[in-house]
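*Asks:* Before I ask anything, here is the structure I am working with.
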Amino acid sequence: MKFKLETEFQETEIGRIPKEWRIEELGRIVKYVKGKKPSVLFDEKSSEEYIPYLTAEYMRGLDKPKWCNLKLENNVVEVSRDDVIMIWDGSYAGHVFTGFNGVLASTMVKITPIIELDKKFLYYYLLANYEKFRSTTVGTGIPHVNKKVFEEFLIPVPPIHEQKSI
Numbered sequence: 089m090k091f092k093l094e095t096e097f098q099e100t101e102i103g104r105i106p107k108e109w110r111i112e113e114l115g116r117i118v119k120y121v122k123g124k125k126p127s128v129l130f131d132e133k134s135s136e137e138y139i140p141y142l143t144a145e146y147m148r149g150l151d152k153p154k155w156c157n158l159k160l161e162n163n164v165v166e167v168s169r170d171d172v173i174m175i176w177d178g179s180y181a182g183h184v185f186t187g188f189n190g191v192l193a194s195t196m197v198k199i200t201p202i203i204e205l206d207k208k209f210l211y212y213y214l215l216a217n218y219e220k221f222r223s224t225t226v227g228t229g230i231p232h233v234n235k236k237v238f239e240e241f242l243i244p245v246p247p248i249h250e251q252k253s254i
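See below:
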């Protein structure tokens, strides 16, 4: 990795990084919540209260959306376009998305920073490290992201202005 502006560096567990950056375990700087399947899903959107049920197939462009009526549900996990989503269960466990608005499927988690951490920076760093999560899944039938690997995953944290420019 080359740096244009930095002149002082430090050696870390993940390699050489600029001196003013720090390394954090992912589980200490984000919270994550698993999606829940709505009690009723609809094939058609009949009013503005209906939002898409975000399945891996729909998000990957392989399926038409099912719809959830928010007035009928009180225990679902909503996501907005800037949220970071990770597939937690299944053959694509570890894959990350952003840019979707809807109700999160039970096979995914919504990842929210609890420190000053740019969501786009987080998304791109997780995306670049997809293979780490995919290759360490657990489970004999259906693979799942390894919670310990996820929580202990090391991420560089530059100052917020640098996160936004990366």
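According to our numbering, the stretch in the sequence shown is residues 89 to 254, in order.
Glycine included, C-beta positions come from ideal geometry on N, C-alpha and C.
Source: prediction; values computed, not measured.
Is the Cβ-Cβ distance between Leu242 and Ile117 less than 8 Å?
*Replies:* No, they are not a contact pair.
*Asks:* Under 8 Å between the Cβ atoms of Gly115 and Phe238?
*Replies:* Going by C-beta atoms, Gly115 is nearer than 8 Å to Phe238.
*Asks:* When we look at the beta-carbon of Pro247 and count the other beta-carbons within 10 Å, is it buried (16 or more) or exposed?
*Replies:* Exposed is the call here.
*Asks:* In chain order, which continuous runs of the alpha helix (DSSP H) of length 4 or greater are located wholly inside the segment 141 to 205?
*Replies:* Listed in chain order, the complete alpha helix (DSSP H) runs (minimum 4 residues) inside the segment 141 to 205 are 144 to 147.
*Asks:* Of all the options Ser134, Thr195 and Lys124, which has the alpha carbon lying nearest to the alpha carbon of His232?
*Replies:* Of Ser134, Thr195 and Lys124, the residue nearest in Cα terms is Thr195.
*Asks:* Do Leu192 and Trp155 have their C-beta atoms within less than 8 Å of each other?
*Replies:* Their beta carbons are not under 8 Å apart, which means Leu192 does not touch Trp155 by this criterion.
*Asks:* Compute the distance between the beta-carbons of Phe221 and Gly182, then report whether it is under 8 Å.
*Replies:* Contact: yes.
*Asks:* Between the Cα of Lys119 and the Cα atoms of Thr186, Lys252, Gly187 and Ile173, which residue gives the shortest distance?
*Replies:* Here the closest residue by C-alpha is Ile173.
*Asks:* What residues match up with Glu112 in a beta bridge as DSSP calls it?
*Replies:* DSSP output for Glu112 lists Ile243 as bridge partner(s).
*Asks:* Identify the continuous beta strand (DSSP E) that holds Lys122 and give its terminal residues.
*Replies:* Segment Val118 to Lys122, the beta strand (DSSP E) holding Lys122.
*Asks:* Taking the beta strand (DSSP E) that Ile105 belongs to, which residues open and close that run?
*Replies:* Taken as a continuous stretch (DSSP letters only), the beta strand (DSSP E) holding Ile105 covers Gly103 to Pro106.
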